[in-house]
Structures are given as C-alpha cells and as structure tokens.
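Q: Can you read through this structure? Questions will come right after.
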Amino acid sequence: MGWFDILINLVYPSRCLLCSRVSGKGEVVCFSCKESFILGLKNSQDSIKAFNELIYLEELYALGLYQGDFRRLLHAYKYQGIRDLSDIFANLLAEGINSNINKGEWVKPQGLVPVPLHPRRLKERGFNQSELLAEKLSPFLEIPVCKALKRVKYTQTQTRLSRGERIINLEDAFKRKITLPGVRGASYLLIDDICTSGATLNEAARVLKEGSSVIIYAAVLAH
Ligand SMILES: [Zn+2]
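The following block contains the structure:
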C-alpha cells in the first residue's frame, strides 16, 4: 500500500461489503464475514456432473450457489468493479480445482481459457472478470492462462432468456484464436464467473474442440 492509499484509508476507511463495518487494512470483506462466507460456501460446494445438455464439457466445477452473500460479492465484483475480490475468489476456487486434479478426477489442464467479453462489453465494464480470475488462479494452479477465444458477437444479456433463446443468442458468438496445442487426451480449463444454464460454457467448449481432440473442463465461481 502506498502513502496515498494509506491516507485515503485514514480519511475513508474501508468498509466491509457485507456488514458495512470498518474492515481495516484495505480489506473488502471483514475477517468475521469472510470466515462465515467461506464456511457457508464449503457447505454448499457442488460439482455439477449431471448437466446432460452440456455435451462439449467433460465436467463443470462450481465453487458454490449463486445466492446470499456470495451473490452480493459476485455482484460487487462484476458490476461495481471491486477487483480485489478476485484474490479471495481465486484462492477458494483453486482449492477445489486442485483437489479434482490431485484426486486424479481431472487430467491436469495445459491452459486456463477465460471466457472472453465482446470488446464493446469490455469497454462498458472496464475489465473482464473471468480473465482477471484466470490470471489470479494461474499461480495457484501452476497452469498458464491461454486466451484462445474471442467474442465476435455482441450478445444480449442472457438473464431473461429461456434456455432455447440462450442457445440461439450464442450461435457464432465465439471464434477460436489459436488451435489448442496438445497431445491426444490433453485438457484445457474454461474459466468463468457465473454459470446459469451452462449454454455459454458449452458453446465455448464446442468452439475450442473444433478439429481437436482436447478435453474441456470448466470451473466457475457460482451457478
Ligand atoms: Zn463484515
């Protein structure tokens, strides 16, 4: 923390995003909220294997459910641009991913592929929340970030669309920038923040797999 930040912190002390109490030391969430948030997540932790429609994904891992405090924090991260939250998120998500790898359930991925934003959306939001997450995950997992996809279609926000409409909305949304290198059976890991129907991840995985025999996993913060 530089002198300017210290000064700012004295005049405007950081307040916890969840309980609004002064959290100190530039922490976005206070110690006790963080503790109970992590405990809550551990109780709701969920690996989704039963998404039958996600045919291009080998497996989807989600850290928790998109509800309660987690929902508030994700909202603050994505829409209010509280980027410091990426450290907390990456730390927790890495634990889950590493456990899948260490237990031999996942082939260790050769690269982390963040779900890209359309340049127009990136300009609106100021940062790509999935890319930042992938960059923070990379050292924990010892897997490089591989920006293999670009978004070529500016899509409507998916929240109010039905499943069928989402699939049509995403048609031709992604293009692959590079062919994923790797021997047969090599895997890559798609990274995104929130998965609602899984349509985005499935479409991204389909494009990554075109003409390639790679395995695609996905990891998200919440579903
Ligand atoms: Zn708090």
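In our numbering, the protein residues as written are 1428 to 1650. We put the beta carbon where it would ideally sit given N, CA and C, even for glycine.
1) Say yes only if the C-beta of arginine 1448 is nearer than 7 Å to one or more non-hydrogen atoms of ligand 1, and no if none qualify.
2) Apply the 10 Å Cβ neighbour rule to tryptophan 1533 and answer buried if 16 or more other Cβ atoms are within range, or exposed otherwise.
3) Taking DSSP as the reference, what is the three-state secondary structure of tyrosine 1506?
4) Hey, is serine 1441 close to ligand 1, as in C-beta under 7 Å from one of its heavy atoms?
5) For the alpha helix (DSSP H) that contains leucine 1568, what are its first and last residues?
6) Give every residue of the same chain whose Cβ lies closer than 7 Å to the Cβ of arginine 1603, excluding the five residues on either side of it in the sequence, and list them in chain order.
7) So, for glutamine 1585: in the same chain, excluding its five sequence neighbours on each side, which residues have a beta-carbon less than 6 Å away from its beta-carbon?
8) Suppose contacts are defined by Cβ-Cβ distances below 8 Å. Is alanine 1521 in contact with valine 1647 by that definition?
9) If I measure Cβ to Cβ from glycine 1609 and keep anything under 7 Å in the same chain, skipping five residues before and after, which residues do I get?
10) Determine the extent of the alpha helix (DSSP H) in which leucine 1520 is found, giving its start and end residues.
11) Do the CB positions of leucine 1560 and isoleucine 1618 come within less than 8 Å of each other?
12) How would you write the range of the alpha helix (DSSP H) that isoleucine 1594 sits in, first residue to last?
13) Following a CB-centred definition, is serine 1459 positioned closer than 7 Å to any heavy atom of ligand 1?
14) Going by DSSP in three states, valine 1456 sits in which element: helix, strand or coil?
15) Take the Cβ of glutamine 1583 as the centre, count every other Cβ of all protein chains shown within 10 Å, and call the residue buried at 16 or more, exposed below.
16) Per DSSP, what are the beta-bridge partners of leucine 1576 in this structure?
17) Using three-state DSSP, classify glycine 1538 as helix, strand or coil.
A: Taking the geometry as given:
1) Arginine 1448: yes, Cβ under 7 Å from ligand 1.
2) So tryptophan 1533 counts as buried.
3) In this structure, tyrosine 1506 counts as helix in the three-state DSSP scheme.
4) No.
5) Unbroken alpha helix (DSSP H) run through leucine 1568: 1556-1568.
6) Annotation for arginine 1603: Ala1575, Leu1576, Val1634, Leu1635 and Glu1637 place their beta carbon closer than 7 Å to its own, counting only its chain and skipping 5 residues before and after.
7) Only Arg1593 meet the Cβ criterion.
8) No. Outside cutoff.
9) Only Gln1537 and Val1641 meet the Cβ criterion.
10) In the DSSP assignment, leucine 1520 falls within the alpha helix (DSSP H) that extends over 1512-1529.
11) At the C-beta level, leucine 1560 and isoleucine 1618 come within 8 Å of one another.
12) Taken as a continuous stretch (DSSP letters only), the alpha helix (DSSP H) holding isoleucine 1594 covers 1590-1597.
13) Yes, the beta carbon of serine 1459 sits closer than 7 Å to at least one heavy atom of ligand 1.
14) In the structure shown, valine 1456 sits in coil (DSSP, three-state: anything other than H, G, I, E or B).
15) Here glutamine 1583 is exposed. Its C-beta has fewer than 16 other C-beta atoms within 10 Å.
16) According to DSSP, which records beta bridges pairwise, leucine 1576 is partnered with Arg1603.
17) Secondary structure of glycine 1538 (DSSP, three-state): coil.
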